[in-house]
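Q: Residue numbers for the sequence shown follow the working numbering, beginning at 131 and rising by one.
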Amino acid sequence: MKKFFQENKIVLAILIGALIIGEAIYLSGKKENFLVREKIGKEKQSQSCRNVPLLPNGAKKLVTKIIDGDTFLIEGGYSVRILGIDADERGYPCYQPAKERLEELILNKKVKLEKSIEDKDKWCRYLRYVFLDGKNISLELVKEGLVVSRISPKDIKYKKEIIKAEREAKENKIGCKWSKREKEIKKKEPLNLQWQRLTPELTGLKLINAYQAKNFYGEEVIVEGKIVDTYRSKTNTVFLNFEKPYPNQCFSGVIFSSYQYKFVEDPEKYYLNKVVRVKGKIKQYQGKPEIILKDSLQIEIGK
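(1) With a cut-off of 8 angstroms on the beta carbons, I'd call Ile-352 and Lys-409 a contact; round off their distance for me.
(2) Roughly how far, in whole angstroms, is the beta-carbon of Cys-254 from the beta-carbon of Val-182, given that I think they are within contact range, below 8 angstroms?
(3) Whether or not the segment 266-274 and the segment 218-225 are in contact is what I'm after, with contact meaning three or more pairs of Cβ atoms, one per stretch, closer than 8 angstroms; do they touch?
(4) Can you name, in chain order, every residue of its own chain whose Cβ lies under 8 angstroms from the Cβ of Leu-276, other than the five neighbours on each side?
(5) For Asn-345, which three-state DSSP category applies?
(6) Could you tell me the boundaries of the alpha helix (DSSP H) in which Val-272 lies?
(7) Any idea what DSSP makes of Tyr-288, helix, strand or coil?
(8) Pull up the DSSP beta-bridge partners for Lys-250, would you.
(9) According to DSSP, is Glu-244 helix, strand or coil?
(10) In terms of residues, what are the limits of the alpha helix (DSSP H) holding Glu-354?
(11) Pick out the complete alpha helix (DSSP H) segments inside the segment 211-239, 4 residues or longer, and give them in chain order.
(12) So, using beta-carbon positions, are Val-241 and Lys-287 closer together than 8 angstroms?
(13) Could you please give me the residues that DSSP links to Lys-190 through a beta bridge?
(14) Looking at Ile-204 and Leu-213, is the spacing between their C-beta atoms short of 8 angstroms?
(15) Can you check which of these residues, Phe-393, Asp-396, Ser-382, is closest to Ile-422 by C-alpha distance?
(16) Assuming Ile-357 contacts Phe-372 under a Cβ cut-off of 8 angstroms, what Cβ separation, rounded to an integer in Å, is found between them?
(17) To the nearest angstrom, how far is it from the Cα of Lys-300 to the Cα of Ser-282?
(18) Between the C-alpha atoms of Asp-263 and Tyr-347, what's the straight-line distance to the nearest angstrom?
(19) Does the separation of the CB atoms of Gly-432 and Gln-342 fall below 8 angstroms?
(20) With distances taken from CA atoms, which of Ser-387, Ile-236, Gly-334 is nearest Ser-363?
(21) Taking the alpha-carbon positions, what's the Glu-349 to Lys-411 distance?
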């Protein structure tokens, strides 16, 4: 065997060299193919985004629709993805609170759209930081514990502020993302009950849960929640307290004696421990939200 290697060492060296060169050519070709595919992918994205017009840095546009806590539409129907944050998708616990808060902040308002590193993502959404009256909307949502930070390693524009805000929200257990109380609320939301009358589709009103009522003073809405405590006062006023017993209730339905003939007998017993929806304008009484119920059509039990 030793004699064989000695006699054929030149041939073996040539074969080994050929193998090394072949592998190098293969790897080079593979890399080239990858780069070609990557280039083609970018070209396809560019072609698919061809109908999306240029959006100058700092442009001010009207917000026409909120998709979720980090995405919205502007005039013309073009989509904007907010930079620096990540909000829950539909079906996840903090989807609705984040979406509703973004609606409160920017819907039907002109916002300033500030560009960072990339102009658009692969879905042709503009990638922008969003400002209203000088406020960084990404920062506001993180401060309120409704979204989490999501920042590209290359994007350092507002990184320090957003990371600091998220850390403080975590430490203070603020909002849907970090508050135990809010997580308990979200567990109560998917009840899958049937409603015949009090739905957004039939009434045109916004549906909220009882814990959110404090954010809607002066607005006519539908409030959903469980009545866990009731009380009839000396003046025969009936109080239907939601989610927690008095004085820790988050919301109340109130039936004055003059309206009780329109309701079932002993409504304080009938509605106790039921999940209901009530409709009306939210008022504040002694620091708590409530709706005055003047007719039984304003309340419905889920089935």
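Quick reminder that beta carbons are idealized off the backbone N, C-alpha and C, glycines included.
A: Considering the structure as presented:
(1) Cβ atoms of Ile-352 and Lys-409 come within 8 angstroms of each other, at about 5 angstroms.
(2) That pair is a contact at about 5 angstroms.
(3) Flag = no, the segment 218-225 and the segment 266-274 do not touch.
(4) For Leu-276, where only same-chain residues beyond five positions count, the Cβ hits under 8 angstroms are Gly-199, Ala-217, Cys-224, Pro-227, Ala-228, Arg-231, Gly-305, Cys-306, Lys-307.
(5) Asn-345 falls in the helix class under three-state DSSP.
(6) Looking at the DSSP string, the run of the alpha helix (DSSP H) that includes Val-272 is 267-273.
(7) Look at Tyr-288 here: in three-state DSSP terms it is coil, with no helix or strand label.
(8) Under the DSSP definition of a beta bridge, Lys-250 partners with Tyr-256.
(9) Glu-244 falls in the strand class under three-state DSSP.
(10) Glu-354 -> not in any alpha helix (DSSP H); beta strand (DSSP E) instead, spanning 350-362.
(11) Segments of the alpha helix (DSSP H) lying fully in the segment 211-239: 225-236.
(12) No, they are not a contact pair.
(13) Bridge pairing for Lys-190: Lys-242 [DSSP].
(14) Their beta carbons are not under 8 angstroms apart, which means Leu-213 does not touch Ile-204 by this criterion.
(15) The option with the nearest alpha carbon to Ile-422 is Ser-382.
(16) Contact flag correct, Cβ pair sits at about 6 angstroms.
(17) Cα to Cα, the separation comes out at about 21 angstroms.
(18) One C-alpha to the other measures close to 24 angstroms.
(19) Taking 8 angstroms as the Cβ cut-off, Gly-432 and Gln-342 do not qualify as a contacting pair.
(20) Residue nearest to Ser-363 within the set Ser-387, Ile-236, Gly-334 is Ser-387 (criterion: CA-CA distance).
(21) Answer to the nearest angstrom: the Cα atoms are 5 angstroms apart.
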